Each structure stands twice: as C-alpha cells, then as structure tokens.
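Position one of the sequence shown corresponds to residue 16 (my numbering), numbered consecutively onward. Glycine residues also receive a C-beta, built at the ideal position from the N, C-alpha and C atoms. This one's a predicted model, so the numbers in the text were calculated from it and none came from an experiment.
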Amino acid sequence: MRNTTGRRIAVCDIARSDQPIRNKITKAVRTVIDKGRYILGQELNVFEKEFAEYNGSSYAIGVASGTEALQLSLKALGIGQGDEVITAVNTAIPTAMAILAAGARPRFVDVRADTFNIDVALIEKAITRNTKAILPVHLYGKICDIKAVLKIAKKYNLFVVEDACQAHGASCGGMKAGSFGRLGAFSFYPTKNLGCYGDGGMIVTNNKSLAERLRLLRNYGQNTRYSCKIKGVNSRLDEIQAAILRVKLKLLDQLNECRIELAHVYARYLQEIVDVDLPSYGKDLQHVFHLYVIKCKDKDGLKRYLLKKGIETEVHYPIPLHLQGAFRELGYKRGDFPCAEGLAHKILTLPMHPALKTQEVRKVCNHIKDFYRC
Ligand SMILES: Cc1ncc(COP(=O)(O)O)c(C=O)c1O
C-alpha cells in the first residue's frame, strides 16, 4: 500500500537505512571471501574487542543469536533443571524460550504501564527458594529500573542477566545496557539498532572465567581443536556477520541519534492528542527507540486507518507470554498479569528507523490527528 506521496511508510526499512553504507558493507564481505576464513577468525576477534569497548565491558563473546546469548549465559552460570529465572511478561517470545532451553522455569512478573518494563515492586513476591537469576528486559530500547533490580538481586543473592537485545547503545547514568549485570545479551537480528545480515548475537561480561567458559560453550566445549573440556553447542557469530557489524558499530551512536530526533518529532506533533500516550523517558536514561510504541484508544481502528493511508504499524506484543500456548505448562491464567494484558489492547508501534524523514513522521502524526479528529 502507498501513501499520498507514493512511498509506503514501513515500521522498519533495512534496505533504505543501509543504502548509504552499501559499498562499505560489500567491501567488508568481499574481504572475508578473499581471505576464505568464515568461522572464528580475525573479524570476530576484532569485533568482540570493539563491541566490548563500546559497551564498557571487559569481554564480549559472539554467538549465533540473541536467544542463544541468553541461553548460554544461563548455562554458563550453572542455571538449569529445577531452577527458576524471573523475567518480564511483556517481552519477545525468545526471552522466555531461552530460559526453557537452558532447562530452567521462567517466572513472570508484570510490567509497568508507564515504562513498559518489569515492575520492580513485584519482583520480590516472585522469588522462591528455586530462584537463581533475574533476567530483566530493556524493552523497546529503554533500560528498565536496573538499579532497583540490582539491589533486589544483591539482597537475595541472585544473578542478573540483562536482555539487552533491543537496547544497543541505550544507557542509564552513563553506563550502557548489558554492562550492569553479571552478563548481558544482545541480538543482531537484522531489524535491531545494530543488526547484521542474518542471525547473530553477543554476550558481554566483566568476569574473565565466565568469558572463558562461554568461549568453550559456544564451540562444542572445545578448548583446543578436537579436545573438549565441557559439553557445548555450535553457536558462533560468523566472520561475514562480524565484518558487517564492524562497519555498522562505527555508526551506531549516530543512527541512534537519528532515532532520538525522530522521537522528538513524534512527541512534538502528538502531545496534544488526549487519546494518545507517548513513551516516557525517565531520569538519567538514554532511550534509543528501537521501537516507538504509543498507547492509544481504539488501537485496532487506528491501525486499520493508518494502513489505508499507506502507513504500516505493528503491535509489540499482542499476546503476553503467560497467555501463549507454548507456556501453558507454567500454569498461569488470564488475569494473572493485568497490566500486560491491558497494554496488549492499547499499544501500537509506529514507524521508526534511521532513514525515516521528519516529513514522513509529520505525515504519520497528521493522519493520527485526523483519526482522532483533532
Ligand atoms: C527482547 C528480545 N530478547 C531476545 C531476542 C532474541 O534474539 P534473536 O532473534 O537474535 O534470537 C529478541 C529478538 O527478537 C528480543 O527482542
């Protein structure tokens, strides 16, 4: 569907966003092909160092996806069968799938309607004698109340593993997402603020022995070729993806700034609409707007109306995790997490990517105003 200027306005447009760096990416990929080394080579080695430095962490370990970054983080901490891991109920499905894949049980906690992130006031009630870790999610590009999470974790002697899969470059008090907990997990899924051209992920930590263990875990447990110390898997970030990510990491702050600017434009034009609630910022936080999510009246009507005007929107996420069939065995029911259930009816993700023009954001806002007739 096209809008009146002929261009469809997509929620995310990777080809358009990457157009200015196409030549650099092609050159980086060609360099890898010329060398003929595709797994655990120099590109990954250097990218891990560059990412760790960017993140303010001592070590970074490249893996095959964000899901595996979370799963291997839990495994490296010795978390598995019989253990429980606390996480937010409004998040991407893989957050909880990773906990299950590690052999542990996800214990969900409701989110806050203003921040969309885990409600820290409810965490203590979810702690049992089997709880081993809290896995907070920095949803949509904004760090959760991480200081409160760390305080609770310290009180109950729990690990903190951050799901920073949507928060590359987001910060709180000058510290970057992923650098607060024992381990931090990132996804490089193509639509992310830092995305590769396939699947990819990264784990960051300041703990040397955990970093060493993760390097074994991601590579069949091998310390040297054909000699394995522990049971591991095959989960490596490949050389082509690492080379692409090295090009894109250099631009991450600049591209995040573009998103922040566009968020200001949305706020300027939408603030007067009483039927629309804008994303909150929070003191000391740098929100990097992986997604621009509003709360609105008649969300489905607005979604249909915008689509007719050539504007795509999405819902992140339409079904809270406790109501997903795959997690039925956990024993939750409708009504257990009222805030997340309520949000699912109100949230709408508007177009947001670094190549979006101010003029396109204004157009989206004008159509939203027309819908609410203000
Ligand atoms: C919050 C969150 N956690 C985990 C993941 C999993 O990342 P991946 O798709 O790279 O496995 C994603 C990505 O979709 C995510 O958004």
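Check whether the Cβ of residue i lies closer than 8 Å to any heavy atom of ligand 1, and answer yes or no.
i: G184; result: no
i: Y307; result: no
i: V124; result: no
i: L154; result: yes
i: P109; result: yes
i: F304; result: no
i: T46; result: no
i: F386; result: no
i: Q181; result: yes
i: S202; result: yes
i: I113; result: The question names Ile, but residue 113 is Ala in the sequence shown. True, at least one ligand heavy atom lies under 8 Å from that Cβ.
i: L85; result: yes
i: G196; result: no
i: K162; result: no
i: K207; result: yes
i: S88; result: no
i: S80; result: yes
i: G189; result: no
Can you tell me which of the options puts its alpha carbon nearest to the alpha carbon of residue i?
i: C311; options: F342, K324, K246 and C380; result: C380
i: Y387; options: E227, I288, N132 and A141; result: I288
i: A113; options: D351, N271 and F201; result: F201
i: A75; options: G81, K64 and T82; result: K64
i: R261; options: I245, K39 and D28; result: K39
i: K265; options: N70, F174, K244 and T328; result: N70
Would residue i and residue j be called neighbours here (beta carbons separated by less than 9 Å)?
i: V104; j: A148; result: no
i: M190; j: F66; result: no
i: K162; j: T130; result: no
i: L92; j: L225; result: yes
i: I24; j: L267; result: no
i: A341; j: I101; result: no
i: T106; j: R122; result: no
i: T220; j: R251; result: no
i: A355; j: D125; result: yes
i: N234; j: L55; result: yes
i: R22; j: G210; result: no
i: I26; j: E329; result: A small fix is needed here, since residue 26 is Val in this sequence, not Ile. Result yes, Cβ atoms of V26 and E329 sit closer than 9 Å.
i: T146; j: L173; result: yes
State the Cα-Cα distance for the pair residue i and residue j, rounded to the nearest angstrom.
i: A79; j: D178; result: 15 Å
i: A168; j: L232; result: 25 Å
i: K140; j: L358; result: 22 Å
i: P333; j: T239; result: 46 Å
i: K90; j: A119; result: 10 Å
i: V152; j: Q237; result: 31 Å
i: R17; j: V376; result: With a pLDDT of 46 at R17, under the threshold of 50, the predicted position of this residue should be treated as unreliable, and no value is reported.
i: D33; j: K323; result: 27 Å
i: K318; j: L277; result: 20 Å
i: Y284; j: S88; result: 42 Å
i: G95; j: G247; result: 14 Å
i: H302; j: R343; result: 33 Å
i: C273; j: G51; result: 36 Å
i: K384; j: A117; result: 46 Å
i: T206; j: G184; result: 15 Å
i: G188; j: K170; result: 22 Å
i: I259; j: L321; result: 34 Å
i: L115; j: K378; result: 43 Å
i: D28; j: H368; result: 7 Å
i: G215; j: Y204; result: 6 Å
At least three beta-carbon pairs within less than 8 Å, the segment 43-60 to the segment 248-255
Yes, since at least three Cβ pairs between the segment 43-60 and the segment 248-255 fall closer than 8 Å, the two stretches touch.
Is the segment 363-382 in contact with the segment 301-315, if contact means three or more CB pairs nearer than 8 Å?
Yes, the segment 363-382 is in contact with the segment 301-315.
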